[in-house]
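Protein chains in written order, with the UniProt record's numbering: chain A, 1 to 362; chain B, 1 to 362. Just so you know, even glycine gets a beta-carbon here, dropped at the ideal spot from N, CA and C.
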């Protein structure tokens, strides 16, 4: 039954949609076998009020907040219901149209900042893996025809850095069809103007063209290709985190964009009925290797999939997970990564994290 | 005589000052031996009107523009004077106080963006070359005592990312003494407020504290250490290029911050009297490996120092330079880096550049 939830979740993510998985946990005293009840709330359903899943209103409100903010929530008030609300965001993708001297540092910075990067150019000498080692995909195809080789959706950030305004127009005719998270186009004011005029004459509305950031990038006075790439990636980050508003308000919180362990979700979606445990990071404090939402699967005979950060603490959690698999149910476990030894060894982590370990049988 | 100009130039640069070298060239027909006349204009002198060097007023105005914009100028109108106006800017330095999880990506991005990076921390496990491979210097010293180990001047960008507000205060007490190009300090609003209150109570003025960017970085909604480092380096770039105004005007042009071949200047400052030629890139178009201001020295027997970009074109220039050394005087030479071959080979360069080759004997 949970397998179908994870299958639906993956479908939503692949369509560029966010979703929330709510897990309601019965008290540990309860002897019921079905004490972990999971519900998938999709972005579309969340707009439909709380009528489909008939959730507790407080939990539903918290799920909506999780969907907007990307913040995982875990409440374990004694006497009340214990619940885990996990927002899932699609992996952000950066599509770089054009493989020239701006694309090179941009692809590198994009990958470094956590985007899955795709670079497209029609020249084999510019569209190859040697030139873009950090890109997930490098596509050599004309700008007109390339658009059926990748998807653009609400978690896709599109940067147009081709070598000429004709290619820009070829790209924009396609890009403007989709609801991308970000569209930016490089070019002098004159080139941008001529591209916009051409598209207006073809029937594109001013409103559609206004969605495009052109000239591209934050106005930091960038001169070199590396600086221009920084100005672009900084703007892309602002769209990822603030939705392009460049200002914070209570209504639109900073989007946390939680960690996504796709490999773990795919395993869970298979519905294999071998007993295992799911370990989820539910809160962190200070400097820790992985953030809330990170997941690891543990099988009783020692196999694992995914990671909550490695090191000694992971070994301890694997040990505890075996008990959880044996006894069913769930456990909440703190992990202390502070301490003098950590600092003296110059390790990155020096914080605390809390994980939930759930037993998992189909 | 020119050697002393270069010695003075290096002194100015080391003090964080900009300067301009004006070279006035006689016509090639002239048989005079002193047809290359060089003048050093320092930043201080430029404020003193045009009285010291008695330069042509047009040239003096252009030198002032070069000092503000960083743009090299080369005029070779036939019939008029030929002159080369070269602005020299100190190498920009990024001082990172604190070696924690923000400092790590920041030092990397800073070096990548052309800054000479110094990282300081009082913990050996955080202040070491393994942790900061891209930093020019890593200093392990207390934040109180470290300030006599490096210099802060008008081309120094200072980022305070220590692990606590006491260290912040130790840093600021020192940093605020200098006229740094940029000061930024990380910290929550509360931490920043408490640091400012402490310093106000010690007699620092509100005006001085206002020079500091705190909270640090552009407001792009950064969450991860890498994103925070991007928001900081983007702000640092805006100070480097726009002087912190984040807006362009005719009065304050984008600062080009020309290439500095210190190794070449140091050689010229020695005043060795062996004949050689100085090759200077004076203009570029399109994608070229080095920009205006790049310098290379060529000796008649084939030795070179510095580089104008390498490749076949450099070989050709070295050949021509030998003629210039033999015949004295100077030559202007275009270098064509366009052409199908370049593009097909996926090379970075596909532009044009123009170089001036001057013979040079003390």
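Compare the C-alpha of residue 160 of chain A against each of A/196, A/97, A/117 and name the closest.
-> On the first chain, residue 160 of chain A is found 160 positions in, with the first residue counted as 1. Looking at A/196, A/97, A/117, the one whose alpha-carbon comes closest to that of residue 160 of chain A is A/97.
Neighbouring residues, chain A, relative to residue 237 of chain B (Cβ below 8 Å) | As a first step, residue 237 of chain B is located in the second chain; it is residue number 237 there, counting from the start. Per Cβ cutoff of 8 Å: 220, 221, 222, 227, 230, 231.
Could you have a look at residue 62 of chain B and say whether DSSP puts it in helix, strand or coil?
-> For the purposes of this step, residue 62 of chain B is taken as residue 62 along the second chain, with counting starting at 1. For residue 62 of chain B, the secondary structure class from DSSP, reduced to helix, strand or coil, is helix.
Give the DSSP bridge partners of residue 224 of chain B, in chain order.
-> Residue 224 of chain B sits at position 224 when you count from the first residue of the second chain. DSSP, once it has assigned bridges, lists no residue as partnering residue 224 of chain B.
Under 8 Å between C-beta atoms of residue 6 of chain A and residue 269 of chain A = Here residue 6 of chain A corresponds to residue number 6 of the first chain, with the count starting at 1. Here residue 269 of chain A corresponds to residue number 269 of the first chain, with the count starting at 1. Closer than 8 Å, so yes.
If we call anything under 8 Å between Cβ atoms a contact, is residue 332 of chain B one with residue 298 of chain B?
-> As a position in the second chain, residue 332 of chain B is number 332, starting the count at 1. As a position in the second chain, residue 298 of chain B is number 298, starting the count at 1. Not a contact, by the Cβ cut-off of 8 Å.
Classify residue 276 of chain B as helix, strand or coil using the three-state DSSP reduction.
-> For this step, residue 276 of chain B is matched to residue 276 along the second chain. If DSSP states are grouped into helix, strand and coil, residue 276 of chain B belongs with the strands.
If you check the beta carbons only, do residue 168 of chain A and residue 184 of chain A fall under 8 Å apart?
-> Looking up residue 168 of chain A in the first chain gives position 168. Looking up residue 184 of chain A in the first chain gives position 184. Taking the C-beta atoms as reference points, residue 184 of chain A is found no nearer than 8 Å to residue 168 of chain A.
Residue(s) in a DSSP beta bridge with residue 295 of chain A | Along the first chain, one-based indexing puts residue 295 of chain A at 295. Paired residues: A/280.
Could you give the DSSP three-state label for residue 363 of chain B: helix, strand or coil?
-> It is not possible to answer for residue 363 of chain B, since the shown part of chain B is limited to 1 through 362.
Quick one: list the residues of chain A neighbouring residue 71 of chain B, beta-carbon separation under 9 Å, in chain order.
-> Walking along the second chain from the start, residue 71 of chain B turns up at place 71. By Cβ distance, chain A contributes nothing, its closest Cβ being about 11 Å from residue 71 of chain B, past 9 Å.
Among all the DSSP beta bridges, which residues are the ones paired with residue 86 of chain B?
-> Along the second chain, one-based indexing puts residue 86 of chain B at 86. Partner(s): B/21.
Can you give me the start and stop residues for the beta strand (DSSP E) that residue 74 of chain B sits inside?
-> Along the second chain, one-based indexing puts residue 74 of chain B at 74. Element bounds for residue 74 of chain B: 73 to 75.
Do we get a CB-CB distance below 8 Å when we pair residue 17 of chain B with the residues of chain A?
-> Along the second chain, read from residue 1 onward, the residue named residue 17 of chain B stands at position 17. With 8 Å as the cut-off, residue 17 of chain B does not count as an interface residue toward chain A.
Helix, strand or coil: how does DSSP classify residue 256 of chain A here?
-> Locating residue 256 of chain A in the first chain gives position 256, where the first residue counts as 1. DSSP places residue 256 of chain A in the coil class of the three-state scheme, outside both helix and strand.
Please confirm if residue 101 of chain B has its CB atom under 8 Å from at least one CB of chain A.
-> By 1-based counting over the second chain, the position of residue 101 of chain B is 101. Closer than 8 Å: yes.
Residues near residue 261 of chain A in its chain [Cβ-Cβ closer than 7 Å; skip 5 each side] = By 1-based counting over the first chain, the position of residue 261 of chain A is 261. The answer, listed in chain order, is 294, 295, 306.
Within the chosen definition, does the stretch 233 to 240 of chain A reach the stretch 216 to 234 of chain B through at least 3 CB pairs nearer than 8 Å?
-> At 8 Å Cβ cutoff, the stretches touch.
Report yes or no: is there a C-beta of chain B within less than 8 Å of the C-beta of residue 97 of chain A?
-> Start at 1 with the first residue of the first chain, and residue 97 of chain A comes out as number 97. No, because no Cβ of chain B sits closer than 8 Å to the Cβ of residue 97 of chain A.
Kindly list the residues whose CB is nearer than 8 Å to the CB of residue 124 of chain B, restricted to its own chain and excluding five residues on each side of it in sequence; keep chain order.
-> Counted from its first residue, the second chain places residue 124 of chain B at position 124. Result list for residue 124 of chain B: 140, in chain order.
What are the start and end residues of each continuous beta strand (DSSP E) run of 3 or more residues lying completely inside the UniProt domain "XdhC Rossmann" (94 to 236) of chain A, in chain order?
-> For the UniProt domain "XdhC Rossmann" (94 to 236) of chain A, whole beta strand (DSSP E) runs of length 3 or above, ordered along the chain, are 116 to 121, 137 to 140, 156 to 160, 182 to 185.
Leaving out five residues before and five after residue 15 of chain A in sequence, what residues of the same chain have Cβ atoms less than 7 Å from its Cβ?
-> Counted from its first residue, the first chain places residue 15 of chain A at position 15. So the list reads 153, once near-sequence residues are dropped.
Where the alpha helix (DSSP H) through residue 265 of chain A begins and ends = By 1-based counting over the first chain, the position of residue 265 of chain A is 265. It spans 262 to 270 - the alpha helix (DSSP H) in which residue 265 of chain A sits, taken as one unbroken run.
Does the count of Cβ pairs from the stretch 221 to 236 of chain B and the stretch 171 to 179 of chain B closer than 8 Å reach three?
-> Taking one beta carbon from each stretch, the stretch 221 to 236 of chain B and the stretch 171 to 179 of chain B have fewer than 3 pairs nearer than 8 Å; the two do not touch.
For the stretch 269 to 295 of chain A, enumerate the residues whose C-beta is nearer than 8 Å to any C-beta of chain B, in chain order.
-> Those would be 287, in chain order.
Check whether the Cβ of residue 250 of chain A lies closer than 8 Å to any Cβ atom in chain B.
-> Here the question's residue 250 of chain A lines up with position 250 in the first chain. Low confidence applies to residue 250 of chain A: its pLDDT is 46, below 50, so where it sits in the model is not reliable, and the reading given next is rough at best. No, its Cβ sits nowhere closer than 8 Å to a Cβ of chain B.
Straight-line CA distance for residue 110 of chain B to residue 116 of chain B?
-> By 1-based counting over the second chain, the position of residue 110 of chain B is 110. By 1-based counting over the second chain, the position of residue 116 of chain B is 116. Those two C-alpha atoms are separated by around 8 Å.
Going by other Cβ atoms of all chains shown within 10 Å of its Cβ, with 16 needed for buried, is residue 274 of chain A buried or exposed?
-> By 1-based counting over the first chain, the position of residue 274 of chain A is 274. Per the 10 Å Cβ criterion, exposed.
Kindly indicate the opening and closing residues of the beta strand (DSSP E) around residue 44 of chain B.
-> Mapped onto the second chain, residue 44 of chain B falls at position 44. Looking at the DSSP string, residue 44 of chain B is not in any beta strand (DSSP E); the run it does join, the alpha helix (DSSP H), is 43 to 46.
Within chain A, partners of residue 112 of chain B - CB distance below 7 Å = For the purposes of this step, residue 112 of chain B is taken as residue 112 along the second chain, with counting starting at 1. Counting only Cβ-Cβ distances below 7 Å, residue 112 of chain B has contacts in chain A at 226, in chain order.
Verify the CB distance criterion: does residue 148 of chain A have a CB-CB separation below 8 Å to chain B?
-> Working through the first chain from its first residue, we reach residue 148 of chain A at position 148. So, not an interface residue.
Status (buried if at least 16 other CB within 10 Å, exposed otherwise) for residue 330 of chain B = For the purposes of this step, residue 330 of chain B is identified with residue 330 of the second chain, where counting begins at 1. By the neighbour-count criterion, in which a residue is buried when 16 or more other Cβ atoms sit within 10 angstroms of its Cβ, residue 330 of chain B is buried.
Would you verify that the beta carbon of residue 66 of chain A is, or is not, closer than 8 Å to some beta carbon of chain B?
-> Reading the first chain from its first residue, position 66 is the one you call residue 66 of chain A. Contacts with chain B at 8 Å (Cβ-Cβ) do not include residue 66 of chain A.
Partner residues on chain A for residue 234 of chain B, Cβ-Cβ distance less than 7 Å | As a first step, residue 234 of chain B is located in the second chain; it is residue number 234 there, counting from the start. Under the 7 Å cutoff, chain A gives 218, 220, 230, 231, 234.
Under the three-state DSSP convention, the category residue 308 of chain A falls into | Working through the first chain from its first residue, we reach residue 308 of chain A at position 308. Residue 308 of chain A falls in the coil class under three-state DSSP.
What's the C-alpha gap between residue 128 of chain A and residue 138 of chain A?
-> Locating residue 128 of chain A in the first chain gives position 128, counting from the first residue. Locating residue 138 of chain A in the first chain gives position 138, counting from the first residue. Their backbone Cα atoms lie some 6 Å apart in a straight line.
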